[in-house]
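Participant: Protein chains in written order, with my numbering: chain G, 24 to 390; chain D, 44 to 632.
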Amino acid sequence: MLSPLAQARTAPVQAGAAATPKLLVDGLTKRYGAITALEPTRLEVPAGEFLTLLGPSGSGKTTLLQMICGLVEPSGGRILIDGQDETRTPVHKRDIGLVFQHYALFPHLTVAENIGFPLRMRGVAPADLARRVKEALEMVHLGHLAGRFPKELSGGQQQRVALARCFVYQPSVILMDEPLGALDKKLREHMQYEIKRLHRETGATIIYVTHDQEEALAMSDRICLMNHARIEQLGTPHDIYARPKTAFAADFIGVSNIFRGQVRRDGSGTPMLVTGNGSFRLSADTPDRPDGTLVVRPEQLDIDGDGDNEVRGEVVDTVYAGSETRVLVSLGGEETITVRLRRGTAPPRLGEVVAVRWRADAGVLVS
Amino acid sequence: MSAAALNHDGAFAAARRRLRFGPLWLAAPGLAFLAIFFLFPVLRLLGLSVQDLETSAWTGDHYARIVATDVYFRVLMSTFRIAGLTALLSLLFGYPLAYWLAQLPERQRGLAILAVMVPFWTSYLVKTFAWMVILGRTGVINQILSGTGMSPLPLLHNEFGVMAGMVHAMLPLAVLTMLPVMTTLDRRLVQAAETLGAPPANAFWLVYFQLSLPGVAAAGLLTFISSLGFFIVPALLGGPQQTMLAQLIISQIQEMLNWAFAGALATFMLVAALVTCWVYDRLFGLSSLSGETSGRAGGGQGHLRSAGMTILSALAKASTALGGPVGRLLGPKVMDRLLPVYSAAVIVFLVAPALVVVPIAFTTSPFLDFPPPGYGLEWFRVYFNSDLWVSATIRSFAVAFATAILATLVAGLAALALARSSSRWRGAIFAFFLAPMIVPRIVIAVGLFYLFAQIGLVATDLGLIIGHTVLALPFAFVAISAVVKGHDWRLDQAAATLGANRVKTLMLVTVPLIRGGLVAAFLFAFITSFDELTVAIFVSGGVKTTLPKQMWDDMILQLNPTLAAVSVVVFAIVMALLLMAEWLRRPAR
Ligand SMILES: Nc1ncnc2c1ncn2[C@@H]1O[C@H](COP(=O)(O)OP(=O)(O)OP(=O)(O)O)[C@@H](O)[C@H]1O
Ligand SMILES: [Mg+2]
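(1) What residues are listed by DSSP as bridge partners for D/W639?
(2) Which one or two residues does DSSP pair with G/P294 in a beta bridge?
(3) Report the option in D/I570, D/K376 and D/L96 whose CA atom is closest to the CA atom of D/T512.
(4) D/V218 by DSSP, collapsed to three states: which one?
(5) With three or more beta-carbon pairs closer than 8 Å as the criterion, would you say the stretch 202 to 213 of chain D touches the stretch 168 to 179 of chain D?
(6) Less than 9 Å between CB atoms is the rule here; does G/A187 satisfy it with respect to chain D?
(7) What residues from chain D crowd round G/L94, counting only those whose CB sits closer than 8 Å?
(8) Give a yes or no on whether the minimum CB-CB distance between D/K547 and chain G is below 9 Å.
(9) Considering only heavy atoms of ligand 1, does any lie closer than 8 Å to the CB of D/Y115?
(10) Please report how far the alpha carbon of D/V318 lies from the alpha carbon of G/Y231, in whole angstroms.
(11) Are D/Y426 and D/V612 closer than 9 Å when you measure CB to CB?
(12) For G/F275 and G/Q236, what's the separation of their Cα atoms in angstroms?
(13) For chain D, check one thing: does any of its Cβ atoms lie closer than 9 Å to the Cβ of G/F190?
(14) Give the straight-line distance between the Cα atoms of G/L296 and G/T233, rounded to the nearest whole angstrom.
(15) Taking 9 Å as the CB-CB cut-off, is D/D531 touching chain G?
(16) Please classify D/W101 as buried or exposed, where buried requires at least 16 neighbouring CB atoms within 10 angstroms.
(17) Should D/L505 be flagged as near chain G, meaning a C-beta pair shorter than 9 Å?
(18) Take D/L606 and list the residues in its own chain whose beta-carbon comes closer than 7 Å to its own, dropping the five residues that flank it on each side.
(19) What in chain D is Cβ-close to G/R145, meaning under 7 Å?
(20) To the nearest angstrom, report how far apart D/A538 and D/G506 are at their CA atoms.
(21) Within the structure, which residues are defined as neighbours of ligand 4 by a Cβ-heavy atom distance below 6 Å, reported in chain order?
(22) Would D/G647 and D/V205 be called neighbours here (beta carbons separated by less than 9 Å)?
(23) Taking C-beta pairs closer than 7 Å, name the residues in chain G that D/P555 reaches, listed in chain order.
(24) Within 10 angstroms of its Cβ, does G/I263 collect 16 or more other Cβ (buried), or is it exposed?
(25) For the 8 Å Cβ check, are there 3 or more pairs between the stretch 59 to 77 of chain G and the stretch 245 to 255 of chain G?
(26) Tell me whether G/E201, by its Cβ, gets closer than 8 Å to a heavy atom of ligand 2.
(27) Measuring alpha carbon to alpha carbon, tell me which of D/T503, D/M618 and D/G272 ends up nearest D/S121.
(28) DSSP has G/T341 in a bridge; who is on the other side?
(29) Would the C-beta of G/V232 count as close to ligand 2, meaning under 8 Å from any of its heavy atoms?
(30) Residues in the same chain with beta-carbon distance under 6 Å from G/A227, minus the five sequence neighbours each way, listed in chain order, please.
(31) Kindly list, in the order they appear in chain D, the residues whose Cβ is closer than 8 Å to that of G/H222.
(32) Does any residue of chain D bring its CB to less than 9 Å from the CB of G/P202?
(33) Spell out the partners DSSP gives G/Y55 in its beta bridges.
(34) Taking just the CA atoms, how far does D/N185 sit from D/G510?
(35) Assign G/T52 to buried or exposed, taking buried as 16 or more other Cβ atoms, counted over all protein chains shown, within 10 Å of its Cβ.
(36) Along the chain, which unbroken stretches of the alpha helix (DSSP H) at least 4 residues long are found entirely within the stretch 239 to 299 of chain D?
Listed below in structure tokens is the structure:
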């Protein structure tokens, strides 16, 4: 059953439809003097999508988010919500909710008063207000804490109050800036689940900022990978993992083994990458380019197995991580590669020299 | 002018941005207020000092007359002497007390600081009255002396009387200014120095003392500047030899209406204050006055610095040489108690005088005998039945209330504006709001008197309120700024994203959260006005007198036990307000 909050809204994810996107950011840019915090950026978010902004510190995630909600004035570009230009609309008149990293709960108001705040600002009648606050509290399982002050709550509880305060007035776009950044790992995983549930139940459009690639992979419909004040790659989690467009994307998401080199064609026209560790066959559909970086994921490598390409090296470490075991193989010098051990295989001994192989179509050549 | 024109484009763009996002213009009411009622009158007064009375032509006559006339020149010199000595003694006596306070555990320190706060906020008139009672020919000390068969000592109307009163008045300010620097000073540094092989005396002088110097300098600056403009203490406790500049200015205005000459005298005082500030700024940076840390802590560069280090090393050597034998002589037990005992003695010196007034207020005698021959409520009855006293009390209350509201409002807006601004003007505006604290009160008061005389505000309550607000603004501003500095602006952003407009955000989020600072500002402003005499001496005339003015008039004319009763009432009111402030401030979060 859908929560009452969701009934006001139907939220089909429109795949590739020509319908107006919920949010359209067009040529949006921000400069602070000589520093460019965000290069001109275009971003379309369909209604009901869970989009994650992922990227290293300083890549412009917060800047983008704060321009969308109006806390930072853009140096250029437009922001459209439901096709309406909202670039000049003051913060408090935008139909947007923002969840802060440190929650920003009002310390002088109780939990219920905090959640009721946005309703009060919208002139909701007292009886209606009380009912909606109660519903929102139940939605985040905090009905029993309505009368407490924020400082009397644990971090996780505060986070839920912040979520309830945002969802209670049903903004059409919800922005979250590292909302789980201050929580420990276990609580974070639980709250990821809670946020996904709220997303499902309410059908809200959510733009979510995180540093944490696992969080991004687990939660998002699409990931917007940012670096150096621009969008590096935009796509579904699988897309970005399996087909990174740049070495940065490959490196930032998941563990990658990387070989740099020159592209050659052998006699039969098969593309080859000539690297310091030998020549490797590339997949036949590799686009033409003079050089590039070959990305191979640990699970695509096989110790003493089959494959078109091979490197040899000495086992320097094995790392047991519960669900899988990783083997570090030194290729001589500083270079090591990471191999995920197949299930049911015994780990090689340290110091053993092994052959690591992979199939030509397993690797991806990026710029 | 040219600099402003050069930066015109940048300033214009910034101003446009500000209109939307950085509401620096919230400081505008305060800036306008200070420009009209502070900057303009003071500049006008300076202008008068170089004008001929009849022809309005430029002239340096008034200055020439001051320097050439022996009497005036002597007053000038004694002003600097007394102010300098006061500052020096306040630092000397205050430093060990502040040191002791700083190392107390948090809880006890709060209590002990109260013992410095109470005299700090006690009315100057009450304090001075107390000293008259204590030091007079038939005062407390001399009665004790004659009781033991000794001949009375001349304690009043001489240098000793003035210095006792001045140091007593300035010591709390010195201690309260030094204390914050010392409490934030990391005592582990001293321990580190000792583990590195420095003997205790070296560790103190070369590490602790040197790091506390910015606080000492700030205290020296504030006590010196405040002392420059004093007239209550020298007029009531001193003799002709101790006449100070402010007294001269008052008599020039009240008796001769000689504005130009008074202006010239005021200029001397102002220049002295500004030069002191300038020297301080060169050495420590003015911003460290308001508690903002500057990179220059620990004193200037080059020669000055190495000279300072030499002096400190010498001091360290001297105290090691002295401390050794004295320590052996007295034993470690006594040495350990030295500082607490000394501190207790200073606190008694600070608190006791006001307490002496209490029994006298309840005397049955028409004289200020001590101890009183009997106890009754006679003098409170006189006070409450006197229309003059009662109406003065009511007026003081009303004026103080209006001043407190106005000052809190104006300073609050300015503090909010400055806290969020990153404008180039921020530092200058900050300094401007603190300026009335640095320009001697008498200079402001005379300037205002001249202005008020022209626009018909003399002897009006509005004139008093305006004058008192000028004086109270810096205190209110500092009190609010201190709290606003720690305010989490993300909460305001959160309120905006939740749909609150500017005004609602201010009323529902910002104001409740900075309430502590607002309460403090309100009370500081209230007490400043309630105890204010300098402006009142000129601006409250005739029947429209305030409580301090009425006390002053009585104290000049004839000491009487009614004054003691009034002092007790004033003391009680101020204490009640302070306690209320403490109580209101606590549950801020
Ligand atoms: N008010 C400001 N003034 C000047 N530069 C700023 C300002 N705000 C942000 N920047 C700069 O803009 C760039 C992007 O900052 P932003 O806060 O958007 O990064 P972020 O991706 O959110 O980083 P993080 O993951 O650390 O939160 C940074 O280089 C930052 O230094
Ligand atoms: Mg950020």
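Positions of the beta carbon are idealized from the N, C-alpha and C atoms, including for glycine.
Facilitator: Well, looking at it:
(1) Outside the shown range of chain D, which is 44 to 632, sits residue 639 of chain D, and nothing can be said about it.
(2) Residue 294 of chain G sits at position 271 when you count from the first residue of the first sequence. In the DSSP output, where bridge partners are listed per residue, G/P294 has G/R288.
(3) As a first step, residue 512 of chain D is located in the second sequence; it is residue number 469 there, counting from the start. When each option's Cα is compared against that of D/T512, the closest is D/I570.
(4) As a working mapping, residue 218 of chain D is identified with position 175 in the second sequence. It is helical.
(5) Because the criterion of three Cβ pairs below 8 Å is met, the stretch 202 to 213 of chain D and the stretch 168 to 179 of chain D touch.
(6) On the first sequence, residue 187 of chain G is found 164 positions in, with the first residue counted as 1. Under the Cβ distance rule, G/A187 does not count among the residues neighbouring chain D, no pair being separated by less than 9 Å.
(7) Against the first sequence, residue 94 of chain G aligns to sequence position 71. The answer, in chain order, is Q536, A539 and T540.
(8) As a position in the second sequence, residue 547 of chain D is number 504, starting the count at 1. Output row for D/K547: interface = yes.
(9) As a first step, residue 115 of chain D must be located in the second sequence, where it is residue number 72. Look at D/Y115: its beta carbon is at least 8 Å from all of the heavy atoms in ligand 1.
(10) Residue mapping note: residue 318 of chain D aligns to position 275 of the second sequence, counting from 1. Residue mapping note: residue 231 of chain G aligns to position 208 of the first sequence, counting from 1. The C-alpha of G/Y231 is placed about 57 Å away from the C-alpha of D/V318.
(11) Here residue 426 of chain D refers to the residue found at position 383 of the second sequence. Here residue 612 of chain D refers to the residue found at position 569 of the second sequence. Yes, Cβ-Cβ distance for D/Y426 and D/V612 is below 9 Å.
(12) One-based indexing of the first sequence puts residue 275 of chain G at position 252. One-based indexing of the first sequence puts residue 236 of chain G at position 213. Note on geometry: alpha-carbon atoms of G/F275 and G/Q236 lie some 7 Å from one another.
(13) By one-based count along the first sequence, residue 190 of chain G stands at place 167. Judged by the 9 Å Cβ criterion, G/F190 is not in contact with chain D.
(14) Against the first sequence, residue 296 of chain G aligns to sequence position 273. Against the first sequence, residue 233 of chain G aligns to sequence position 210. Roughly 35 Å between the two C-alpha positions.
(15) Position 488 of the second sequence, counted from the first residue, corresponds to residue 531 of chain D. Yes, contact with chain G.
(16) For the purposes of this step, residue 101 of chain D is taken as residue 58 along the second sequence, with counting starting at 1. With fewer than 16 Cβ atoms within 10 Å of its Cβ, D/W101 is classed as exposed.
(17) If you number the second sequence from 1, residue 505 of chain D lands on position 462. Chain G contact via Cβ: absent.
(18) Position 563 of the second sequence, counting from 1, holds the residue named residue 606 of chain D. Leaving aside the five residues that flank D/L606 on each side, the residues in its chain whose CB is nearer than 7 Å to its CB run, in chain order, F172, M594, D597 and M598.
(19) Here residue 145 of chain G corresponds to residue number 122 of the first sequence, with the count starting at 1. The answer, in chain order, is G542.
(20) Numbered from 1 along the second sequence, position 495 holds the residue referred to as residue 538 of chain D. Numbered from 1 along the second sequence, position 463 holds the residue referred to as residue 506 of chain D. D/A538 and D/G506: Cα-Cα distance of roughly 40 Å.
(21) Absent from the structure shown: ligand 4. Ligands present: ligand 1 and ligand 2.
(22) The requested residue 647 of chain D does not occur in the structure, where chain D is confined to residues 44 to 632.
(23) For the purposes of this step, residue 555 of chain D is taken as residue 512 along the second sequence, with counting starting at 1. Within chain G, the residues H131 have their CB atoms less than 7 Å from the CB of D/P555, given in chain order.
(24) The count along the first sequence starts at 1 and reaches residue 263 of chain G at position 240. Buried.
(25) Yes: the two stretches touch, three or more of their Cβ pairs being nearer than 8 Å.
(26) Here the question's residue 201 of chain G lines up with position 178 in the first sequence. Distances taken from the Cβ of G/E201 to the heavy atoms of ligand 2 include one shorter than 8 Å.
(27) Here residue 121 of chain D refers to the residue found at position 78 when the second sequence is read from its first residue. Of all alpha-carbon atoms in D/T503, D/M618 and D/G272, the one lying nearest the alpha-carbon of D/S121 is that of D/G272.
(28) In the first sequence, counting from the first residue as 1, residue 341 of chain G sits at position 318. According to the DSSP secondary-structure assignment, G/T341 is paired through a beta bridge with G/V350.
(29) For the purposes of this step, residue 232 of chain G is identified with residue 209 of the first sequence, where counting begins at 1. Shortest gap from the CB of G/V232 to any heavy atom of ligand 2: under 8 Å.
(30) Stepping through the first sequence from its first residue, residue 227 of chain G is reached at position 204. Beyond the five residues adjoining it in sequence on each side, G/A227 comes within less than 6 Å, by CB distance, of I197 in the same chain, given in chain order.
(31) Taking the first residue of the first sequence as position 1, residue 222 of chain G is located at position 199. Below the 8 Å Cβ cutoff, chain D contributes no neighbours of G/H222, its closest Cβ being approximately 19 Å away.
(32) Translated into the one-based positions of the first sequence, residue 202 of chain G becomes position 179. No, G/P202 lies away from the interface with chain D (no Cβ there is under 9 Å from its Cβ).
(33) Here residue 55 of chain G refers to the residue found at position 32 when the first sequence is read from its first residue. Beta-bridge annotation (DSSP): G/Y55 is paired with G/I58.
(34) Against the second sequence, residue 510 of chain D aligns to sequence position 467. Against the second sequence, residue 185 of chain D aligns to sequence position 142. Distance from the CA of D/G510 to the CA of D/N185, rounded to the nearest whole angstrom, comes to 40 Å.
(35) One-based indexing of the first sequence puts residue 52 of chain G at position 29. The C-beta of G/T52 has 16 or more other C-beta atoms within 10 Å across all chains shown, which makes the residue buried.
(36) Entirely contained in the stretch 239 to 299 of chain D, the alpha helix (DSSP H) runs reaching 4 residues are, in chain order, 253 to 271, 275 to 280 and 288 to 294.
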